[in-house]
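Here the protein sequences come in this chain order: A and B.
Numbering of the first sequence is given in the UniProt record's numbering, commencing with residue 1 and proceeding in unit increments.
Numbering of the second sequence is given in the UniProt record's numbering, commencing with residue 1 and proceeding in unit increments.
Backbone N, C-alpha and C define an ideal beta-carbon position, used for all residues, glycine too.
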Amino acid sequence: MKVSSLTSGSWYGFLAVLLLLSIVAALRIGAVDLSFDDIGHILLNGIGFSNETVDPISQGLFLQIRLPRVLLCATVGAGLSVSGVLMQALFRNPIVEPGLVGTSSGAALGAALVFVLGKNINWAFTDALGLFLLPCVAFTFAFLATFLVYRIASMSGKVNVATMILAGIAINALAAGGTGFLSYIARDPQARSITFWNLGTFSGADWTQFAIVLPVTMVGILLALRFTKALNILILGEDEVRHLGYNIDRLKIQVLLLNTLLVAVGTAMVGVISFVGLVVPHLLRLLKTSDNRFLVIASALLGGSLLTMADTIARRLVAPAEFPIGVITAFVGAPVFIWLLVRNARSFQKGGFYA
Amino acid sequence: MLRAEHLSFKIGGNLLLTDVSLTLLPGEFTMVLGPNGAGKSTLLKLLTGTEMPYQGQVWYDDQPLKSIPLPTLARQKAVLSQLLSLPFDLSVTDVVMMGRYPYFDLNPTRQDKQIADDCLEAVGMFSFKTRAFASLSGGEKQKVHLARVLAQLYRQPSDQSVKYLFLDEPISALDIHYQHQILKLVRNLASQNMVVFVIVHDINLALQYAQKVILIDQGSIYGIGHPDDVLTQSAIETVFQLTPYFMTHPETGRRVMIC
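Here it is, written out as structure tokens:
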């Protein structure tokens, strides 16, 4: 049986199992490997079903460091991948992803601003927003950056890919410059690390971060599902979206906002992680279909698993030190990106891959 | 009934359409002809609300077009634009199913699937159902898009409302067998309380199928009415700058044009 003939339902099942397995594996493997017995006991202790004694260091490591990290990782992976689906559909182009069009670097700049200057700016709204100040500022900057790239790329009436990539480079450079400057003047050791912002890392993950990222991502994915039909029609063209009952201008803005939300909240916590949003949807397009209804759900599941696996590798490879996760995703993602470019260039010659 | 009053449209100071007024009745198969750049597609865009007129207004029955909410409109009106290419590949069924999007929430019902199958069958593309859209020929793609538009206006037996169908050169890539088959299909649809507006280039097909012809030249209507009254020797000479000869079909007795 061909893989593409499997139903969407069985794909979701398969990917959900994969996600679960990668989470379990990620919980076990690390600088300190835990046994399944330990993990089981810690979890049962936590909800009060067992009194088995566990090594308190292991317990602390598991509950305070590893569990939130793995869960955050799965959530961010899901958010980035769904965002990749949305952006590819919106730009009507398979080689778009949040890292390329400025969303991630914009979010990183916003987050760096709060991290570095946070204690020195004390406006009325900074208190009101409280815990959500960071994601809000990251969101604003991410939106501005993406919107700029989108406007520049679509100046001629429809999105021009070459212009988009170039505008993306310019905006990325600008944002990275800003982030670099902030890291330079920063006192906080974490914010000082440029690696943190440019390559991303989950080493600072805690429950607070997870508590912010999870609801935003869940809501974001549910909202994304609402746009999938209109985004499918957008494959045919902008006029067809209108003919089938949607307001195209409103759709564009809504998707751009949603997209930015998904990327910004993750990036604010863990820095820029590129190529996940590119590779995951594309794998699924090859395996099954470009129907956005399938892509949103499946990308959330597969993106969660892949990023969790990447983070496990990042933690295990040079333990007790760790790689920035962006190194892993770039080593896998950049070649895929190049392959896509070459493939697209070929089909462009054959005539009209892009509408 | 579709009514347009004094439509004008301009882009960057160029008047593409000047003071066009017309009335289209359900049950009447209307074909639109005219030279390249005469304003046929522009007129279609104004009548479907894709573009807003610079002056004038369009009415669907007694409602101004711009006051009808888009989701409501999508169940009354369908548009087939000139050939569309897709940046992502979908299956033939996926494309046709988009025609049913205005009717279901996230997943198609069994009825929607049945309708999509029926519409593919109607254009002779049922056996291509699971094929990748990108692998089809130009003519096959055109037929699949047509099936999508048919699925969008598919009428339940109890539904007596007026529907509006706009086709921009729907048969340009088809062989003569399918040109005639599709036009018969559309003529049959028109008779079921549908306003049908079709842009074509073939004057003989218009003479054979149309009940009403709109001849457009340089952004305004040159003639509108029964094909035999509008597509006269002098009209074709003026509009297309060609000298036509008319003959009589040996069997059916209708007029045939040769150049």
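Worksheet item: Run through DSSP, which three-state label would A/L6 get?
Response: coil
Worksheet item: DSSP beta-bridge partners for A/I253?
Response: Partner(s): none; A/I253 has no beta bridge.
Item to complete: Note down, in chain order, each residue of its chain lying with its Cβ closer than 8 Å to the Cβ of A/L256, except the 5 sequence neighbours on either side.
Response: L90, F143, T146, F147 and Y150
Practice prompt. Please confirm if B/G12 has its CB atom under 9 Å from at least one CB of chain A.
Written response: no
Discussion item. In whole angstroms, give me the CA-to-CA distance for A/L15 and A/A230.
Written reply: 25 Å
Item to complete: Can you give me the Cβ contacts of B/H6 inside the same chain, cut-off strictly under 7 Å, excluding the 5 residues immediately before and after it?
Response: D19, S21, Q55 and G56
Item to complete: With 9 Å as the threshold, decide whether the Cβ of A/S81 is near any Cβ in chain B.
Response: no
Worksheet item: Assuming A/A175 contacts A/S105 under a Cβ cut-off of 8 Å, what Cβ separation, rounded to an integer in Å, is found between them?
Response: 4 Å
Worksheet entry | Range covered by the beta strand (DSSP E) that runs through B/D217 | K212 to D217
Item to complete: Please list, in chain order, all residues of the same chain as A/K350 whose beta carbon is under 8 Å from its beta carbon, the five residues on each side excluded.
Response: In this prediction, A/K350 has a pLDDT of 42, which is less than 50 and means its spatial position is unreliable; nothing more can be read from the coordinates.
Worksheet item: Does the distance from the C-beta atom of A/L302 to that of A/L284 stay below 9 Å?
Response: yes
Discussion item. I need the straight-line Cα distance from B/G37 to B/V239, nearest angstrom please.
Written reply: 12 Å
Worksheet item: CA-CA distance, B/T130 and A/A264?
Response: 39 Å
Item to complete: Could I get the ranges of all uninterrupted alpha helix (DSSP H) runs contained in the region 235–321 of chain A, with 4 residues as the minimum, in chain order?
Response: 238–243, 248–270, 276–287 and 292–316
Fill in: Proximal chain A residues relative to B/T50, where beta-carbon distance stays under 8 Å
D239, R242 and H243
Discussion item. Once the 5 residues before and after A/S299 are set aside, which same chain residues still bring their CB inside 8 Å of it?
Written reply: A78, S81, V82, G84, V85, V280, P281 and L284
Discussion item. With the cut-off set at 9 Å, would you say A/L234 and A/I248 are in Cβ contact?
Written reply: yes
Worksheet item: Which one or two residues does DSSP pair with B/V20 in a beta bridge?
Response: B/L7
Fill in: Extent of the continuous beta strand (DSSP E) run through B/G34
Segment: none, B/G34 is in no beta strand (DSSP E) and carries neither H nor E.
Discussion item. So that I know if they touch, is there some Cβ in chain A lying closer than 9 Å to that of residue 296 of chain B?
Written reply: Shown here, chain B extends from 1 to 259; a query on residue 296 of chain B therefore has no answer.
Practice prompt. With a floor of 4 residues, list each alpha helix (DSSP H) that falls wholly inside the region 135–218 of chain B, ordered by position along the chain.
Written response: 138–152, 176–190 and 203–209
Item to complete: In the DSSP assignment, find the unbroken alpha helix (DSSP H) run with B/L80 in it and report its ends.
Response: No alpha helix (DSSP H) holds B/L80; the beta strand (DSSP E) holding it covers K77 to L80.
Fill in: Beta-carbon proximity list for B/S41, same chain, < 8 Å, skipping 5 on both sides
Q82, D168 and I199
Worksheet item: Any idea if A/M1 is buried or exposed, counting beta-carbon neighbours within 10 angstroms, 16 or more meaning buried?
Response: Summary for A/M1: the model assigns pLDDT 44, below 50, so the residue's position carries little reliability; its value from the coordinates is reported in the next sentence. Per the 10 Å Cβ criterion, exposed.
Practice prompt. Given a cut-off of 9 Å, decide if B/L215 and B/G13 are closer than it, judged by their beta-carbon atoms.
Written response: no
Item to complete: Would you decide whether A/A224 is buried or exposed? Buried here means 16 or more other CB atoms lie within 10 Å of its CB.
Response: buried
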